[in-house]
Amino acid sequence: MERGKRVSETHVMVFPSPVQSHINPMLQFSKRLISKGLKVTLVATTSIDAKSMPTSINIELIPDGLDRKEKKSVDASMQLFETVVSQSLPELIEKHSKSDHPANVLVYDASMPWAHGIAERLGLVGAAFFTQSCAVTAIYHYVSQGVEIPVKGPTLPMPFMPPLGIDDLPSFVKDPGSYPAVWSLISKQVSTFQKVKWALFNSFDKLEDEVVKWLANHQSVKTIGPTIPSMYLDKRLEDDKDYGLSLFKPNTDTCVTWLDTKDINSVVYVSFGSMASLGEEQMEELAWGLKRSNSYFLWVVRESEEEKLPTNFVEETSEKGLFVSWCHQVEVLAHKAVGCFMTHCGWNSTLEALSQGVPMIAMPCWADQPTNAKFVEDVWEVGVRVKVDEKGIAKREEIEECIREVMEGERGNEMKRNGEKWKELGKEAVDEGGSSDSNIEEFVAQLVCS
Ligand code: UDP
9 MERGKRVSET HVMVFPSPVQ SHINPMLQFS KRLISKGLKV TLVATTSIDA
59 KSMPTSINIE LIPDGLDRKE KKSVDASMQL FETVVSQSLP ELIEKHSKSD
109 HPANVLVYDA SMPWAHGIAE RLGLVGAAFF TQSCAVTAIY HYVSQGVEIP
159 VKGPTLPMPF MPPLGIDDLP SFVKDPGSYP AVWSLISKQV STFQKVKWAL
209 FNSFDKLEDE VVKWLANHQS VKTIGPTIPS MYLDKRLEDD KDYGLSLFKP
259 NTDTCVTWLD TKDINSVVYV SFGSMASLGE EQMEELAWGL KRSNSYFLWV
309 VRESEEEKLP TNFVEETSEK GLFVSWCHQV EVLAHKAVGC FMTHCGWNST
359 LEALSQGVPM IAMPCWADQP TNAKFVEDVW EVGVRVKVDE KGIAKREEIE
409 ECIREVMEGE RGNEMKRNGE KWKELGKEAV DEGGSSDSNI EEFVAQLVCS
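Residues in the sequence shown are numbered consecutively from 9, following the working numbering.
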């Protein structure tokens, strides 16, 4: 059979966890597969409450048993999700097996290692998609080889990484008792992925060079990122300006209109992603730190966080600040008025800033964010990390100083130059023939032949 026909007959189901930061990269990866001629179905689950859906991709909904209004612990939600989806996902695949276009590949979120068994049982090629960095995955691997956790020493000596202090480790390694179900899932990830043929990472080789090589000794690693909407990177996917499936409603026009009135590199963009929640004291310190810096700022305060803002702060800072509940983050980062990004260092936010060359002020909260912050400051040299006091709070004076350093200091200029370098390398990776593009091509070629 000719290759073109085999390509168009390959049907890939892509299945992310129902959270914004997993949907975004897996949706972008789906668009890349479609651009190579494959048929793709994005599998979403019923608990997502989407405010916008992409039109360029076929989406199917399956039950997941979760109810967003019902408060359940992370552990209990994960258990329920696995139980319900272990039934509803096979049902969807079976339904398609009776159609003209049966699914033959399942790209599942690596945070659901149990999905690999579903692919195997139903005769599909299974590929794990990692929405975290290779470095974080390597740390999980390393500590699973028998390092005692919580880690006791002042540093974790990994040969291919900068010395990692306790506060640079993912929170699940620093304190594995905090979320027992997550730690047990990570252990399962490590053992499952030693065996899988395809492990796709939202990263690129030059960004994590040594780490990728080390990890490749232990499991398959194929970097396919950064998964940024193409018009902000290589511009090869026409009109691809937005992820497309949003669980929040963005105030896009408001942001751009406001940014258009500001000078180049004059605005601090502040956002802590879709999940992180700052304590009231931290929120207050951040607010006054921003005010003291005297910079313009655009601050994403999700509706659930609004009440933590100091009384009258929005009114008092209306000359300098714009507050929105959600924005089109990549578009904001790409705007010439934005001079730095105060971020929790979620992996997507980190990659988005790197790929737009925007320096960062890292204020990590939990999960993989401390490790991402370490790399931002010490490996990629595109940011500073705020120092915290004994209670873990970054005080207003510290926040002000970090903003001034990045916005006004010589070190800030150096970070901008480094940012430009990573931006170029990220673009190169996904451009035709780049390392990530070649890995996607190889993936497609193997699927077509299998
Ligand atoms: N995001 C956005 N608008 C916002 C804030 C965040 O579009 O106002 C997007 C951002 O572009 C990123 C995702 O939400 O793709 C957040 O993912 P990340 O991994 O940074 O953090 P998480 O939400 O997992 O904490």
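Glycine included, every Cβ here is placed at the ideal spot set by N, Cα and C. Bear in mind the structure is a predicted one, so any value in this text is a computation, not a measurement.
Proximity test, residue i beta-carbon vs the ligand UDP heavy atom, cut-off 8 angstroms
{"i": "residue 142", "result": "no"}
{"i": "residue 251", "result": "yes"}
{"i": "residue 122", "result": "no"}
{"i": "residue 388", "result": "no"}
{"i": "residue 258", "result": "yes"}
{"i": "residue 360", "result": "yes"}
{"i": "residue 335", "result": "yes"}
{"i": "residue 284", "result": "yes"}
{"i": "residue 384", "result": "no"}
{"i": "residue 303", "result": "no"}
{"i": "residue 434", "result": "no"}
Span of the alpha helix (DSSP H) around residue i
{"i": "residue 19", "result": "Element bounds for residue 19: not the alpha helix (DSSP H) but the beta strand (DSSP E), 19–23."}
{"i": "residue 88", "result": "82–105"}
{"i": "residue 37", "result": "28–43"}
{"i": "residue 150", "result": "142–152"}
{"i": "residue 400", "result": "Premise fails: residue 400 is in no alpha helix (DSSP H) and is neither H nor E."}
{"i": "residue 66", "result": "First-last for residue 66: 66–70, but that is the beta strand (DSSP E), not the alpha helix (DSSP H)."}
Alpha-carbon to alpha-carbon, residue j and residue i
{"i": "residue 291", "j": "residue 111", "result": "47 angstroms"}
{"i": "residue 153", "j": "residue 138", "result": "20 angstroms"}
{"i": "residue 275", "j": "residue 262", "result": "15 angstroms"}
{"i": "residue 163", "j": "residue 196", "result": "25 angstroms"}
{"i": "residue 439", "j": "residue 186", "result": "41 angstroms"}
{"i": "residue 302", "j": "residue 328", "result": "8 angstroms"}
{"i": "residue 324", "j": "residue 433", "result": "42 angstroms"}
{"i": "residue 133", "j": "residue 458", "result": "8 angstroms"}
{"i": "residue 71", "j": "residue 23", "result": "13 angstroms"}
{"i": "residue 409", "j": "residue 267", "result": "23 angstroms"}
{"i": "residue 74", "j": "residue 88", "result": "7 angstroms"}
{"i": "residue 427", "j": "residue 359", "result": "11 angstroms"}
{"i": "residue 403", "j": "residue 264", "result": "30 angstroms"}
{"i": "residue 78", "j": "residue 272", "result": "45 angstroms"}
{"i": "residue 338", "j": "residue 455", "result": "31 angstroms"}
{"i": "residue 204", "j": "residue 12", "result": "27 angstroms"}
Enclosing beta strand (DSSP E) for residue i [first to last residue]
{"i": "residue 117", "result": "113–117"}
{"i": "residue 50", "result": "47–53"}
{"i": "residue 123", "result": "Where residue 123 is concerned, there is no enclosing beta strand (DSSP E), although the alpha helix (DSSP H) it sits in stretches over 123–129."}
{"i": "residue 350", "result": "346–351"}
{"i": "residue 458", "result": "Looking at the DSSP string, residue 458 is not in any beta strand (DSSP E), and its letter there is neither H nor E."}
{"i": "residue 393", "result": "391–393"}
Given residue i as reference, the closest of the options once Cα atoms are compared
{"i": "residue 252", "options": "174, 237 and 241", "result": "237"}
{"i": "residue 113", "options": "121, 101 and 284", "result": "101"}
{"i": "residue 375", "options": "191, 124, 254 and 64", "result": "191"}
{"i": "residue 218", "options": "409, 182 and 168", "result": "168"}
{"i": "residue 130", "options": "140, 241 and 105", "result": "105"}
{"i": "residue 29", "options": "97, 254 and 76", "result": "254"}
{"i": "residue 86", "options": "120, 95, 205 and 371", "result": "120"}
{"i": "residue 155", "options": "184, 272 and 127", "result": "184"}
{"i": "residue 423", "options": "437, 35 and 362", "result": "362"}
{"i": "residue 388", "options": "80, 170 and 60", "result": "170"}
{"i": "residue 260", "options": "336, 299 and 305", "result": "336"}
Say whether the region 289–309 touches the region 332–341, bearing in mind that this needs 3 or more beta-carbon pairs closer than 8 angstroms, one atom from each stretch. yes
So, does the region 143–152 touch the region 54–62, judging by three or more C-beta pairs under 8 angstroms? no
Looking at C-beta atoms only, is the number of pairs between the region 276–287 and the region 345–355 that lie closer than 8 angstroms three or more? yes
Do the region 360–370 and the region 336–344 make contact, defined as three or more Cβ pairs closer than 8 angstroms? yes
Quick test of the definition: if touching needs 3 or more C-beta pairs under 8 angstroms, does the region 404–421 touch the region 217–233? Remark: fewer than three beta-carbon pairs, one from each stretch, lie closer than 8 angstroms, so the region 404–421 and the region 217–233 are not flagged as touching.
Are the region 441–457 and the region 31–51 touching by the rule of at least three beta carbon pairs closer than 8 angstroms? yes
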